[in-house]
Structure formats: C-alpha cells, structure tokens
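A quick write-up on the structure given underneath.
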Amino acid sequence: MKQAGDFKRTLVTTALPYANGPVHIGHLAGVYVPADIYVRYLRLKKEDVVLIGGSDEHGVPITLKAKNEGVTPQDVVDKFHGIIKDSFEKFGISFDVYSRTTSKTHYETASEFFKTLYDKGEFIEKESEQYYDEEAKQFLADRYITGTCPHCKSEGAYGDQCESCGTSLNATDLVNPRSVVSGSKPVIRTTKHWYLPLDKHEPFLKEWILDGHKEWKSNVYGQCKSWIDLGLQPRAVSRDLDWGVPVPVEGADGKVLYVWFDAPIGYISATKELTPEWEKYWKDEETRMLHFIGKDNIVFHCIVFPSMLKAEGSYILPENVPANEFLNLEGDKISTSRNWAVWLHEYLIDFKDKQDVLRYTLTANAPETKDNDFTWKDFQARNNNELVAILGNFVNRAIVLTHKYYDGLVPAQGELTDYDKETLNEIPVLVKKVEDALDHFKFREAVKEAINLARLGNKYLADTEPWKLIKTDAERVKTIMNIALQITANVSILIEPFLPFTAKKMQSMLNLDGLTWEACGNLDFLAAGHQVNKPELLFEKIEDETIQAQLDKLQQTKEDNEAANKTAAPAKANIEFDDFVKMDIRVGTILEAEKVAKTKKLLQLKVDTGIDQRTVVSGIAEFFKPEDIIGKQVSILVNLAPRKIRGIESQGMILMAEDATGKLEFVAPANAVKEGSEIR
Ligand SMILES: [Zn+2]
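Take 11 as the starting number for the sequence shown in the working numbering and just add one per residue.
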C-alpha cells in the first residue's frame, strides 16, 4: 500500500451540497470543516493540494420546488447556489474552486463522459414500464407520483418512498396513483434507459476495496462490504425528465443523465475550471484523490463512481474516502423539511465574527465514528471553558504582559531552568500528536492536542507567575515572557487548520506572517527586540441569554411543526337548517378598542353593527393591540344573550378562526361591505 508521502499531489473533493436549500451545521461538521482542516494542513506543509467543491443542481426535488414556487429550476438553483457559496466563504472553507453542475463546462464534461462509456459498450440498454402523465405529456419520475401507501395506508406516499412509515416503494406499488404534475391518473408506458452494470464490476471492487483498502475507516469499509456481499445490480444512468444534462445519443429525446451519474463528474468539471492542468490531478497515478463525504454518500463514492472511472479507463481511483456519520441537533435528526437545523447563514447573523467557535465545536464533537449530537449548551461550554478560558486567556496574558513590561518588545531569553526545558520539550511531542491524528483523519483528536499546547502555555504562566515575580526578579521574567511568546507563535500554527480566523489574528498580534508547518517546534520565532502588536480580543464569553434565544428558536420550530402536522378536528354532529338560521351574524366595524384593566386576554370593543353601536368584550388581547384593530371589519354574532364579563356587559361575540397553536385571526369579508350585512 502506498503511503501519503509516496504521492506528488493531493486532490480533495467534497460532497456537492444539493441546491434546493441553504447549508447547515450537519453539512459543515460532516464534510466541509474536516476537508478544509486537512487541506489547510497540507498547504501549511507546502504540499501540492487542491480543494474542489460545487453545488449539485439537478434532480427531481429541484424541479418540484420550482413548480411549487412558480419559478424555473434555474431560479431555484441560482438562489441557493449563491447562499451556499457565500456561507462557505464566510466560514473560511478554502475551496480552490467552488463550481456548479449547471455550468457549461460541466455539461460538456458529463456528456463526454457518458459518450465515452456508451461508445465503449459499458452500458446496457433496457426497456421498462413507467408511469406516464397523458395530460402533461411526460414520464413521471418517482417523486412525481403520489398515492396511498400499500403498507400503512397513509395518503401522500411518493413513488420511491412512504415518508409516514419509511418503507421504500416502487411507483407501481402505490394504491390510487396520481401525477404530481397535473393531478391526473397516470398510465403505464414503456420507456428505454441506459444502465451501468455494477454487477460486472463486482470482482474489481472486491479486490480494490475489500483486499486493497483495509485501512479505510471501519464505517466506510463495513458499508462497502455489505453492499458488495448483497450482490450489485445494474443501475439506471438516465431518467425521463427535462431538467439535467441531456443524454447525448440518438433516440434519447426527453432523457437526461440521472443526477447521481452527473453529480460526481462535477468534481472533474470543477477541476477543469480551476486549471488547464486538470489532468495531472485526475489521470496521474502520483495523485492521491480523497473524497470527503457524509455516510449517505458512501455507496456512490466507493462503489458507483469508482466503477464509472474504471469503466472510462483513463482516470485514477480514490485513495481514501474518510466519510463521517451524521450530526444530530439537540437529540433529533437534522431535517431541512422540518426546519430542524442551525442554518449557517442565520448563525453568521446571530454570532457575528464567531465562525471559529462553530468550527471548533463541530470539530471537537465531530461525528467521526458514530452519529453525534450538537447541543447549544455544549457550544457555550466549549466556547467559555476552552476557547475563552484556555486559548484566549493564554494568548491575552502573553501579549498584554509583553506590552505592560516591555512596551511590546520581545525580551531576551536568559538561562533556562529545568522547568522551562521540560515545558519546551513538550512542544514537539504535541506537534507530532497533531500530525499523527491529522494524517489519519482523526480531527477530534487533532484539535484536542492543538489546544493542549495552549493549555501547556497557560499552565506555564500560572506556575511561573510572572505578574508576581516582576517585583522581585525582573530578569527571570524576561525569560518567562520570551518562552510564553514562542509558545504563542507555535500555537498560532498548530491551530491554523482548525481556527483560521483566530490564527490570523494571533499572527497579526505577534507581527509574524508566512509561518509554515515545518517551523512548528521552533523556539526562536521571535527574536529579542521584535515588536509585538497591541492585543485584540480572540474570544468572548457567551452568556446564557444568547443560548436561551437559540433554544427558544428551536422550541418554536418544534411547535410550528406540531401545528403543521396537526389534523383538523372531526366534524360535529349534523344540525338542521332551522337551527343554523337562528344565529344572526352581521358584518360590523370596530370603532374603539381598549384593554380591560387587570386582565391579560381581554379587550373591550365598541362595534358598529349597522343596527346599533354596542360593547363587546373579546379574548383577543394576546394577539392584537387595541390601536391596530380600530376600523377593522369583523363578523359579529349579534343575538347572543348579553352577559357580564369583569363587570362589563358584553353584547354579542366576535367570530375568530383559531389555528393549531391557538393563534387567533379575524373572520371578515374579503372586501369591505356595509355594516349590518348578514352572514349566512
Ligand atoms: Zn407507509
């Protein structure tokens, strides 16, 4: 097996986020932060490395979203590609190129790739029966068909899965199928598609992964093994759809490349956009290719894409696929459709300039070997107890004291004590630990060891107490502060892959730049007399209120979801028409409104009913301010027997609609009508 050092260069790809929504902490923790850490580390080591990313912009969910919103699929992907790209940039994910699968280069590259396999006879052609919408004149992809689940009988199951009971389905299993496009009943028609015969590649996959890559993470290796053991089946590479890369052969009108086939080719297209020398990254055996992905993508990156590359013949295969498990949020699965997520674009507003705090928390708690949970309390604790109390505190003391005692000029080192030597000897040990962990994609361990260097510095200052010693042994303090500053410089390099914004601030305080990984362990970064800049704040304490606001936001999401899922109450028993007409309901206008003293819910209203002006007490004060509802038209039951509420005689009742959360809305005519008009 080749070692990392046997390669001339490294190509790092990151899973393409799907451009039908913004990105959240799960994306960051699973793929982009670890990939960015790794690439920054290699760059610091002056290795040839490129970080490739882009948005996945094809597939049925995007076309459905466009249809629901009355816009084009291109509008949908333009919007989210912009939001996603911006979030990554602001979090310091240092892509060399961040492209998209609707780019011209990608269309050409994906077509050409298909064409090559087609010409080499690497596909099989098969006819199959599929639902067709005669009204909309199109074949229906699975997500375009809905009906009753044959297992749990719930409505609204899709052609590929019932979301109520989770069973995966074939479109033809659905009871009472309906087209999502036109609502009509679809008919079965025959259609032709091309398939990649994965079964044919099975012997190669067995040898390459099961025998050749035993060093892969156990979650990745295990998943590959169980797929291969189950036996691989041919997989369709085309679909009947009008959004995607058209299948570039004759007789393929109305067919596009299946999104899983075109998306990974996006890595190649993006590299082409980055450099005319793209082939050296994709076709040279001396390139080490790494795919950073989440566990839901393992089969595509370890089995399907390598089979495609192998079939094409001129490409290299991935050397490793360090996939992560999933990150949950406050004990619940992150979900875009349920809005159960911490969205990056929202975090950037709520926690301005605190990108490193999130990067740190997500790394320290990364779902490397099992699913893991993000909690706001843990986020707060890691910020306050680790970043503020250890890293921030150490660096701040070193810089502040240097200014206080020496006007920011680095003091000269005198003779070292045994304790000094012991402390300094620890530095290369920690550097080695960080390296070992990073070389094996163990990012949690790596960041822990990097912070341990700051911990060492903190302990050194706490043990030597220069702030006391300055009064009795000023000469000794010079050596202590010199050592503290050399440790600070080392910390700034070690944390750069994890906390790039902080590292930059530290190096600007130290008035140093261009530090490389090779320099780690040096004890002479700062010569005596070197000017250190003024201290800046690296981290600040996050208060309980800030965390509570985030927890409240999630609680609100939970309630909104419950309300949205709540079904309407069943109808009451039938009544006769005569009973209904006993109720005299009129259109009225609110003339006056004021709060009823010492109550939370009650407003006293004066309403023009067309018949008279009367007083009504209404329990709507939690939802409406008196000044906002004056002049509003309402429906009022005018023949309800008057009754006293809090000493006020209420003559009638204002009709309100109440939603599942208990929120009230007025029931009023859609356009203004004359007061006294009857409602029936
Ligand atoms: Zn079901």
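Ideal Cβ positions, reconstructed from N, Cα and C, are used throughout, including at glycine.
Note down the Cα distance separating Leu187 from Ala559, rounded to an integer number of angstroms.
As a working mapping, residue 187 is identified with position 177 in the sequence shown. As a working mapping, residue 559 is identified with position 549 in the sequence shown. It should be pointed out that residue 187 corresponds to Pro in this sequence rather than to Leu. Roughly 44 Å separates the two Cα atoms.
Would the beta-carbon of Ser164 be found less than 6 Å away from any heavy atom of ligand 1?
Taking the first residue of the sequence shown as 1, we reach residue 164 at position 154. Ser164: yes, Cβ under 6 Å from ligand 1.
Quick one: what does DSSP say Leu21 is sitting in, helix, strand or coil?
Locating residue 21 in the sequence shown gives position 11, counting from the first residue. Strand, per DSSP.
If contacts are defined as beta-carbon pairs under 8 Å, then Val398 and Lys224 qualify, I think. What distance do you get, rounded to the angstrom?
On the sequence shown, residue 398 is found 388 positions in, with the first residue counted as 1. On the sequence shown, residue 224 is found 214 positions in, with the first residue counted as 1. Not really, about 42 Å apart at Cβ, beyond 8 Å.
Run through the segment 644-675 for me and flag every whole beta strand (DSSP E) of 3 or more residues, listed as ranges in chain order.
Here the runs fully enclosed are 653-655, 658-660, 666-668.
Classify Trp226 as helix, strand or coil using the three-state DSSP reduction.
To locate residue 226, count along the sequence shown from 1; it is residue 216. In the structure shown, Trp226 sits in coil (DSSP, three-state: anything other than H, G, I, E or B).
Kindly identify the DSSP beta-bridge partner or partners of Tyr141.
On the sequence shown, position 131 is the one that residue 141 refers to. Tyr141 is bridged to Ile198.
State yes or no: is the C-beta of Ser178 nearer than 6 Å to some heavy atom of ligand 1?
Start at 1 with the first residue of the sequence shown, and residue 178 comes out as number 168. Flag unset: Cβ of Ser178 not near ligand 1.
Under three-state DSSP, which class holds Gly176?
As a working note, residue 176 is residue 166 in the sequence shown. Note: Gly176 maps to coil in three-state DSSP.
Let's see if you can read the secondary structure: which residues bound the alpha helix (DSSP H) around Asn468?
Here residue 468 refers to the residue found at position 458 when the sequence shown is read from its first residue. Here the alpha helix (DSSP H) through Asn468 covers 453-474.
Assuming contact is defined by CB atoms lying nearer than 7 Å, are Ile630 and Leu647 in contact in what I supplied?
Taking the sequence shown and counting its residues from 1, the one referred to as residue 630 is at position 620. Taking the sequence shown and counting its residues from 1, the one referred to as residue 647 is at position 637. Their beta carbons are not under 7 Å apart, which means Ile630 does not touch Leu647 by this criterion.
Please state the DSSP three-state secondary structure of Asp388.
As a first step, residue 388 is located in the sequence shown; it is residue number 378 there, counting from the start. Helix, per DSSP.
Could you tell me the alpha carbon to alpha carbon distance between Asp428 and Ala460, rounded to whole angstroms?
Along the sequence shown, read from residue 1 onward, the residue named residue 428 stands at position 418. Along the sequence shown, read from residue 1 onward, the residue named residue 460 stands at position 450. So the alpha carbons of these two residues sit roughly 24 Å apart.
Among the candidates Asn393, Lys414, Trp270, whose CA atom is the shortest distance from the CA of Val314?
Against the sequence shown, residue 314 aligns to sequence position 304. Cα-wise, what sits closest to Val314 is Trp270.
Identify every run of the beta strand (DSSP E) within the segment 22-74, keeping only runs that are complete inside it and at least 3 residues long; order them along the chain.
Runs of the beta strand (DSSP E) inside the segment 22-74: 58-65.
Express the C-alpha separation of Leu561 and Lys100 in angstroms, rounding to a whole number.
By one-based count along the sequence shown, residue 100 stands at place 90. By one-based count along the sequence shown, residue 561 stands at place 551. Each residue's Cα considered, the two are about 24 Å apart.
Distance, Cα to Cα, Glu137 vs Tyr108?
Residue mapping note: residue 137 aligns to position 127 of the sequence shown, counting from 1. Residue mapping note: residue 108 aligns to position 98 of the sequence shown, counting from 1. Those two C-alpha atoms are separated by around 37 Å.
Only counting the same chain, and skipping five residues up and downstream in sequence, which positions put a Cβ closer than 8 Å to that of Ala151?
For the purposes of this step, residue 151 is identified with residue 141 of the sequence shown, where counting begins at 1. Around Ala151: Val70, Gly169, Arg249, Asp250, Leu251.
Would you kindly check if the distance between the Cβ of Ser279 and the Cβ of Thr115 is under 7 Å?
Position 105 of the sequence shown, counting from 1, holds the residue named residue 115. Position 269 of the sequence shown, counting from 1, holds the residue named residue 279. Yes; because the gap between Cβ atoms is below 7 Å, this pair is in contact.
Roughly how many angstroms lie between the CA atoms of Asn338 and Ile658, to the nearest whole one?
By one-based count along the sequence shown, residue 338 stands at place 328. By one-based count along the sequence shown, residue 658 stands at place 648. Looking at the two C-alpha atoms, the distance is approximately 53 Å.
For the segment 540-550 against the segment 79-91, are there 3 or more C-beta pairs whose distance is under 8 Å?
As far as the Cβ criterion goes, the segment 540-550 does not touch the segment 79-91, which means the pair count is below three.
Name, in chain order, the residues that DSSP records as bridge partners for Val405.
Along the sequence shown, one-based indexing puts residue 405 at 395. Val405 pairs with nothing; no bridge assigned.
Would you call the CB atoms of Ile35 and Val352 closer than 7 Å?
In the sequence shown, counting from the first residue as 1, residue 35 sits at position 25. In the sequence shown, counting from the first residue as 1, residue 352 sits at position 342. Taking 7 Å as the Cβ cut-off, Ile35 and Val352 qualify as a contacting pair.
In the DSSP output, which residue or residues are listed as bridge partners for His301?
Working through the sequence shown from its first residue, we reach residue 301 at position 291. In DSSP, His301 forms a bridge with Thr23.
Three or more C-beta pairs closer than 8 Å, one from the segment 386-394 and one from the segment 514-526: is that the case here?
Result no; under three Cβ-Cβ pairs closer than 8 Å.
For Leu650 and Arg596, what's the separation of their Cα atoms in angstroms?
Taking the first residue of the sequence shown as position 1, residue 650 is located at position 640. Taking the first residue of the sequence shown as position 1, residue 596 is located at position 586. Taking the straight line from one Cα to the other gives about 12 Å.
Answer yes or no: the CB of His301 versus the heavy atoms of ligand 1, is any distance below 6 Å?
Position 291 of the sequence shown, counted from the first residue, corresponds to residue 301. No, since every heavy atom of ligand 1 falls outside the 6 Å radius drawn around the Cβ of His301.
Exposed or buried, what is Met593 when buried is set at 16 or more other beta-carbons lying within 10 Å of its beta-carbon?
As a working mapping, residue 593 is identified with position 583 in the sequence shown. Exposed is the call here.
Helix, strand or coil: how does DSSP classify Pro256 here?
Position 246 of the sequence shown, counted from the first residue, corresponds to residue 256. Strand.
Nearest-angstrom Cα distance between Glu340 and Trp386?
The residue labelled residue 340 in the question sits at position 330 within the sequence shown. The residue labelled residue 386 in the question sits at position 376 within the sequence shown. Spanning the two alpha carbons is a distance of roughly 8 Å.
By alpha-carbon positions, which one of Val444, Gln423, Glu485, Ile557 ends up nearest to Phe535?
Taking the first residue of the sequence shown as position 1, residue 535 is located at position 525. Phe535 has its Cα closest to that of Gln423, out of Val444, Gln423, Glu485, Ile557.
Which whole runs of the alpha helix (DSSP H) in the segment 203-251 are 4 residues long or more, in chain order?
Qualifying alpha helix (DSSP H) stretches, in chain order: 212-215, 228-240.
With a 10 Å radius around its C-beta and 16 neighbouring C-beta atoms as the bar for buried, classify Ile505 as buried or exposed.
Translated into the one-based positions of the sequence shown, residue 505 becomes position 495. It is buried - the Cβ of Ile505 has at least 16 other Cβ atoms within 10 Å.
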